[in-house]
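For the record, the sequence lines run as chains U and F. Using this note's numbering, read the first sequence as starting at 34 and increasing by one per residue. Using this note's numbering, read the second sequence as starting at 34 and increasing by one per residue. These notes are about the structure you will find just below.
Protein chains: 2
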Amino acid sequence: MAKNAVPEEQRRRRRPTKQGTVLTHDLIVDTALRMLREHGAQGFTARRLGLALGADASALYRYFAGLDELTRAIADALMHRAMTGWVPTGEWRTDLRDLGLRIHAAYLAHPQAAVLAASRVSGRAHEIAADEAILGVLRGAGFADPAAVRIYHVFVDQALAFAALDAASLALPVEAREADEAVWDATYARLPAETHPHIAATSQLLAERMNASAYPAALDLLLAAAASEAPSHP
Amino acid sequence: MAKNAVPEEQRRRRRPTKQGTVLTHDLIVDTALRMLREHGAQGFTARRLGLALGADASALYRYFAGLDELTRAIADALMHRAMTGWVPTGEWRTDLRDLGLRIHAAYLAHPQAAVLAASRVSGRAHEIAADEAILGVLRGAGFADPAAVRIYHVFVDQALAFAALDAASLALPVEAREADEAVWDATYARLPAETHPHIAATSQLLAERMNASAYPAALDLLLAAAASEAPSHP
DNA sequence: CGACGAACGTCAACCGCGTTGGCATAAGGG
DNA sequence: CCCTTATGCCAACGCGGTTGACGTTCGTCG
Numbered sequence: 034m035a036k037n038a039v040p041e042e043q044r045r046r047r048r049p050t051k052q053g054t055v056l057t058h059d060l061i062v063d064t065a066l067r068m069l070r071e072h073g074a075q076g077f078t079a080r081r082l083g084l085a086l087g088a089d090a091s092a093l094y095r096y097f098a099g100l101d102e103l104t105r106a107i108a109d110a111l112m113h114r115a116m117t118g119w120v121p122t123g124e125w126r127t128d129l130r131d132l133g134l135r136i137h138a139a140y141l142a143h144p145q146a147a148v149l150a151a152s153r154v155s156g157r158a159h160e161i162a163a164d165e166a167i168l169g170v171l172r173g174a175g176f177a178d179p180a181a182v183r184i185y186h187v188f189v190d191q192a193l194a195f196a197a198l199d200a201a202s203l204a205l206p207v208e209a210r211e212a213d214e215a216v217w218d219a220t221y222a223r224l225p226a227e228t229h230p231h232i233a234a235t236s237q238l239l240a241e242r243m244n245a246s247a248y249p250a251a252l253d254l255l256l257a258a259a260a261s262e263a264p265s266h267p
Numbered sequence: 034m035a036k037n038a039v040p041e042e043q044r045r046r047r048r049p050t051k052q053g054t055v056l057t058h059d060l061i062v063d064t065a066l067r068m069l070r071e072h073g074a075q076g077f078t079a080r081r082l083g084l085a086l087g088a089d090a091s092a093l094y095r096y097f098a099g100l101d102e103l104t105r106a107i108a109d110a111l112m113h114r115a116m117t118g119w120v121p122t123g124e125w126r127t128d129l130r131d132l133g134l135r136i137h138a139a140y141l142a143h144p145q146a147a148v149l150a151a152s153r154v155s156g157r158a159h160e161i162a163a164d165e166a167i168l169g170v171l172r173g174a175g176f177a178d179p180a181a182v183r184i185y186h187v188f189v190d191q192a193l194a195f196a197a198l199d200a201a202s203l204a205l206p207v208e209a210r211e212a213d214e215a216v217w218d219a220t221y222a223r224l225p226a227e228t229h230p231h232i233a234a235t236s237q238l239l240a241e242r243m244n245a246s247a248y249p250a251a252l253d254l255l256l257a258a259a260a261s262e263a264p265s266h267p
């Protein structure tokens with residue numbers, strides 16, 4: 034049955050669920066995103082998604098060949114939200130910085146979805162549009178193709194990787210994060226300077242930094258390194 | 034029963050399994066690592082681990098409160114392996130590059146552990162040792178404390194984030210990865226130059242790159258950006 | 001040297017997961 | 001108004017983590 038799922042053609046017949054709602058690709062994806070935001074990734078299952086839709090879990094298989102395909106659709110919806118409203122200025126560093134922060138933020142808004150989706154190739158329209166835009170900015174700035182592709186690869190994977198990492202922290206159960214903070218206070222903040230001089234000397238700076246995402250700093254370093262390769266600034 | 038698992042005190046009673054082996058924390062962790070390396074993460078389950086040990090899966094719960102705790106122990110062993118044998122050369126770029134690749138490789142060798150461990154502060158001996166080493170390399174190279182801490186933060190999170198991302202790809206079931214490849218071939222490789230000129234122009238380069246990890250390139254870009262801030266090379 | 005009690009492996013069972021095949025039913029065209 | 005077909009529902013399968021009860025084994029103490 035898995036292979037019989039309708040891909041994306043128009044649907045004709047509509048039959049309401051027992052609770053009156055009518056299923057759609059979009060409705061399923063939106064509900065999935067809401068579930069992920071509210072209850073976390075570990076609480077996201079096909080059965081619960083069906084329940085939230087007022088439908089049986091097996092009804093999902095009329096729309097997606099499996100959870101795999103549904104995950105791809107979720108990833109693409111995230112990318113759609115990241116890209117809407119973006120307009121290039123023509124200055125490549127500004128444009129890339131904007132795009133990176135947008136993608137990071139879109140995934141962070143749905144932490145659990147990010148963890149699920151970051152490692153998948155969705156191959157859908159919005160992901161492709163983002164890829165084309167990033168490559169376009171780089172090639173438009175005059176980077177030769179090998180350099181453009183290399184920087185593009187790092188840029189995309191870095192955005193997704195940091196988003197997934199930060200999202201995973203956000204998605205932790207409360208007691209886990211409290212435990213992590215307690216571990217920090219009990220170890221890093223009290224390391225003697227004799228055995229761990231570098232941590233001890235910078236513990237104040239460390240404490241300020243480690244609670245925030247490293248992505249903005251990482252993005253700036255990436256752009257700086259790219260700029261030193263750029264043809265316009267040799 | 035989960036909370037009754039013995040943490041790390043000495044054990045006194047020993048009782049052989051039906052096939053003669055005697056269970057230990059270390060034996061369980063080593064067997065788990067071997068299973069992960071040989072059969073991949075998708076085949077790693079508590080039941081199969083029990084089978085590989087010649088024991089019932091439920092016997093594991095005498096040693097670990099659950100799969101989470103077992104995974105954390107695996108992660109600790111991973112960091113241990115990443116750091117053993119590392120000796121600083123005194124040249125900070127070489128040292129940081131070596132450390133980054135070591136951590137990334139150690140986590141990649143055991144994908145499931147990477148995904149679970151990357152977002153947690155373990156606060157255990159080996160993690161602290163790694164942090165002290167990285168900070169030491171940066172401060173030893175003459176970076177001022179704020180810059181050292183900033184680069185340290187990006188370096189650590191970048192290594193973990195890419196490791197987790199790459200690990201998540203590796204941990205996917207085989208069908209999922211085949212599906213991703215099929216999606217790639219069906220879309221990116223066939224985009225017309227009229228609508229997607231940049232992807233079409235670089236599709237050959239893209240196909241070569243996207244199957245590999247972006248981490249080595251990302252690491253090199255980070256080191257290049259840091260070098261341009263370094264006091265010795267102003 | 002014998003018995004006791006704790007340590008610990010085993011068994012059977014529970015519940016939830018993704019997924020599937022068969023069936024029931026509603027929608028919409030003729 | 002009926003008939004086809006899309007589509008939701010149900011029951012079931014195999015597999016996952018986890019648990020409680022049970023019985024065996026071993027170190028220890030008298």
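The C-beta atom is built at its ideal place from N, Cα and C for all residues, glycine as well. Since the structure is predicted, the reported quantities are computational estimates derived from the model, not experimental observations.
* Whose CA, out of U:T78, U:A250, U:M116, lies closest to the CA of V62 of chain U? -> On the first sequence, residue 62 of chain U is found 29 positions in, with the first residue counted as 1. It is U:T78.
* Asked: Once you ignore the five residues that flank R126 of chain U on each side, which residues in its own chain have a CB closer than 6 Å to its CB?
  -> For the purposes of this step, residue 126 of chain U is identified with residue 93 of the first sequence, where counting begins at 1. L256, listed in sequence order.
* Proximal residues of chain U, C-beta to C-beta of M116 of chain F below 8 Å -> Indexing the second sequence from 1 puts residue 116 of chain F at position 83. Neighbours of M116 of chain F on chain U: none; closest Cβ ~15 Å, over 8 Å.
* Asked: Does D101 of chain U get closer than 8 Å to chain F when you measure Cβ to Cβ?
  -> For the purposes of this step, residue 101 of chain U is taken as residue 68 along the first sequence, with counting starting at 1. Interface residue, yes.
* Asked: Would Q191 of chain U be called buried (16 or more neighbouring beta carbons within 10 Å of its own) or exposed?
  -> Start at 1 with the first residue of the first sequence, and residue 191 of chain U comes out as number 158. Q191 of chain U should be labelled buried.
* Sequence-distant residues of the same chain with beta carbon closer than 8 Å to I232 of chain F, five excluded per side -> Here residue 232 of chain F corresponds to residue number 199 of the second sequence, with the count starting at 1. Here the set comprises Y221, L224, L239.
* Indicate whether at least one CB of chain F lies closer than 8 Å to the CB of G73 of chain U. => Mapped onto the first sequence, residue 73 of chain U falls at position 40. No, its Cβ sits nowhere closer than 8 Å to a Cβ of chain F.
* **8 Å Cβ cutoff, T220 of chain F in contact with chain U** => As a position in the second sequence, residue 220 of chain F is number 187, starting the count at 1. Interface residue, yes.
* Run through DSSP, which three-state label would G169 of chain U get? -> Stepping through the first sequence from its first residue, residue 169 of chain U is reached at position 136. Three-state DSSP puts G169 of chain U in a helix.
* Where P121 of chain U falls: helix, strand or coil (DSSP) -> As a position in the first sequence, residue 121 of chain U is number 88, starting the count at 1. It is coil, neither helix nor strand.
* Sub-8 Å separation of I167 of chain U and L132 of chain U beta-carbons -> The residue labelled residue 167 of chain U in the question sits at position 134 within the first sequence. The residue labelled residue 132 of chain U in the question sits at position 99 within the first sequence. Taking 8 Å as the Cβ cut-off, I167 of chain U and L132 of chain U qualify as a contacting pair.
* Proximal chain U residues relative to R172 of chain F, where beta-carbon distance stays under 7 Å -> Working through the second sequence from its first residue, we reach residue 172 of chain F at position 139. For R172 of chain F, the residues of chain U that pass the 7 Å Cβ criterion are H231, in the order they occur in the chain.
* Could you tell me which chain U residues have their CB closer than 8 Å to the CB of I161 of chain F, listed as they occur along the chain? => Walking along the second sequence from the start, residue 161 of chain F turns up at place 128. Neighbours of I161 of chain F on chain U, chain order: T220, Y221, L224, H229, I232.
* Asked: Hey, how far is the Cα of G175 of chain U from the Cα of A181 of chain U?
  -> If you number the first sequence from 1, residue 175 of chain U lands on position 142. If you number the first sequence from 1, residue 181 of chain U lands on position 148. Cα-Cα distance, rounded: 9 Å.
* To do: With 9 Å as the C-beta to C-beta threshold (strictly closer), list the residues of the stretch 55-79 of chain U near chain F in chain order.
  => Under the 9 Å Cβ criterion, the stretch 55-79 of chain U contributes no residue.
* Asked: Going along chain U, which residues have a C-beta under 8 Å from D128 of chain F?
  -> As a working mapping, residue 128 of chain F is identified with position 95 in the second sequence. Simply none; closest approach about 13 Å.
* Asked: Roughly how many whole angstroms lie between the Cα atoms of P121 of chain U and D128 of chain U?
  -> Here residue 121 of chain U refers to the residue found at position 88 when the first sequence is read from its first residue. Here residue 128 of chain U refers to the residue found at position 95 when the first sequence is read from its first residue. Straight-line measurement puts the Cα of D128 of chain U at about 6 Å from the Cα of P121 of chain U.
* So which of U:R242, U:R172, U:R70, U:E71 has the shortest CA-CA distance to E124 of chain U? -> If you number the first sequence from 1, residue 124 of chain U lands on position 91. Of the candidates U:R242, U:R172, U:R70, U:E71, the one whose C-alpha sits nearest the C-alpha of E124 of chain U is U:R172.
* Relative to chain U, which residues along the stretch 240-259 of chain F have a C-beta separation below 9 Å, given in chain order? -> E241, R242, M243, A245, S246, A247, Y248, A250, A251, D253, L254, L255, L256, A257, A258, A259: these are the residues of the stretch 240-259 of chain F whose beta carbon lies less than 9 Å from some beta carbon of chain U, given in chain order.
* With a 10 Å radius around its C-beta and 16 neighbouring C-beta atoms as the bar for buried, classify Q75 of chain U as buried or exposed. => Position 42 of the first sequence holds residue 75 of chain U. By the beta-carbon neighbour count (other beta carbons within 10 angstroms, threshold 16), Q75 of chain U is exposed.
* **Closer than 8 Å to chain F by CB, K36 of chain U** => For the purposes of this step, residue 36 of chain U is taken as residue 3 along the first sequence, with counting starting at 1. Confidence in K36 of chain U is poor, its pLDDT being 41 and thus under 50, which makes the residue's placement unreliable; the coordinate value appears in the next sentence. K36 of chain U is outside the set of residues whose beta carbon lies under 8 Å from a beta carbon in chain F.
* CA-to-CA distance, S246 of chain F to L193 of chain U, given in whole angstroms -> Mapped onto the first sequence, residue 193 of chain U falls at position 160. Mapped onto the second sequence, residue 246 of chain F falls at position 213. Straight-line Cα distance between these residues: approximately 13 Å.
* To do: For Q237 of chain F, count neighbouring C-beta atoms within 10 Å of its own C-beta (all shown protein chains included) and say buried if the count is 16 or more, exposed if not.
  => Position 204 of the second sequence, counting from 1, holds the residue named residue 237 of chain F. With a threshold of 16 other beta carbon atoms within 10 Å, Q237 of chain F falls short and is exposed.
* To do: Determine the chain F residues that contact L168 of chain U at a beta-carbon separation under 7 Å, and present them in chain order.
  => Within the first sequence, numbered from 1, the residue matching residue 168 of chain U stands at position 135. Contact annotation for L168 of chain U against chain F: H231, I232, T235 [CB-CB distance below 7 Å, chain order].
* Between the stretch 148-165 of chain U and the stretch 201-221 of chain F, do three or more beta carbon pairs fall short of 8 Å? -> As far as the Cβ criterion goes, the stretch 148-165 of chain U touches the stretch 201-221 of chain F, which means the pair count is three or higher.
* Asked: F97 of chain F touches chain U at which residues, Cβ-Cβ below 8 Å?
  -> Mapped onto the second sequence, residue 97 of chain F falls at position 64. The contacting residues do not exist; F97 of chain F stays about 17 Å from chain U at best.
* Pick from U:G73, U:T64, U:D213: whose alpha carbon is nearest that of A147 of chain U? -> Your numbering for residue 147 of chain U matches position 114 in the first sequence. Per the Cα distances, U:G73.
* Reducing DSSP to helix, strand and coil, say where Q191 of chain F ends up. => On the second sequence, residue 191 of chain F is found 158 positions in, with the first residue counted as 1. In the three-state reduction of the DSSP assignment, Q191 of chain F falls in the helix class, which pools H, G and I.
* Can you check whether the CB of L111 of chain F is closer than 8 Å to the CB of L103 of chain F? -> Counted from its first residue, the second sequence places residue 103 of chain F at position 70. Counted from its first residue, the second sequence places residue 111 of chain F at position 78. Annotated as distal: L103 of chain F and L111 of chain F, with beta-carbon spacing of 8 Å or more.
* Asked: Is the Cβ of W119 of chain F closer than 8 Å to any Cβ of chain U?
  -> Translated into positions along the second sequence, residue 119 of chain F becomes position 86. Taking CB atoms only, W119 of chain F has no neighbour in chain U less than 8 Å away.
* Asked: Taking only beta-carbon atoms, is Q191 of chain U less than 8 Å away from chain F?
  -> Indexing the first sequence from 1 puts residue 191 of chain U at position 158. The beta-carbon of Q191 of chain U is placed less than 8 Å from the nearest beta-carbon of chain F.
* Asked: According to DSSP, is V62 of chain U helix, strand or coil?
  -> Start at 1 with the first residue of the first sequence, and residue 62 of chain U comes out as number 29. DSSP places V62 of chain U in helix when its eight states are reduced to three.
* Between the CA atoms of P249 of chain U and E211 of chain F - distance to the nearest angstrom -> In the second sequence, the residue the question calls residue 211 of chain F occupies position 178. In the first sequence, the residue the question calls residue 249 of chain U occupies position 216. Taking the straight line joining both Cα atoms gives about 34 Å.
* To do: For L132 of chain F, name the three-state secondary structure that DSSP assigns.
  => In the second sequence, residue 132 of chain F corresponds to position 99, counting from 1. It is helical.
* Interface partners of H306 of chain U on chain F, CB under 7 Å -> There is no way to answer for residue 306 of chain U, as the model of chain U reaches only from 34 to 267.
* Are the beta-carbon atoms belonging to A251 of chain F and F195 of chain F less than 8 Å from one another? -> Taking the second sequence and counting its residues from 1, one reaches residue 251 of chain F at position 218. Taking the second sequence and counting its residues from 1, one reaches residue 195 of chain F at position 162. Yes. Within cutoff.
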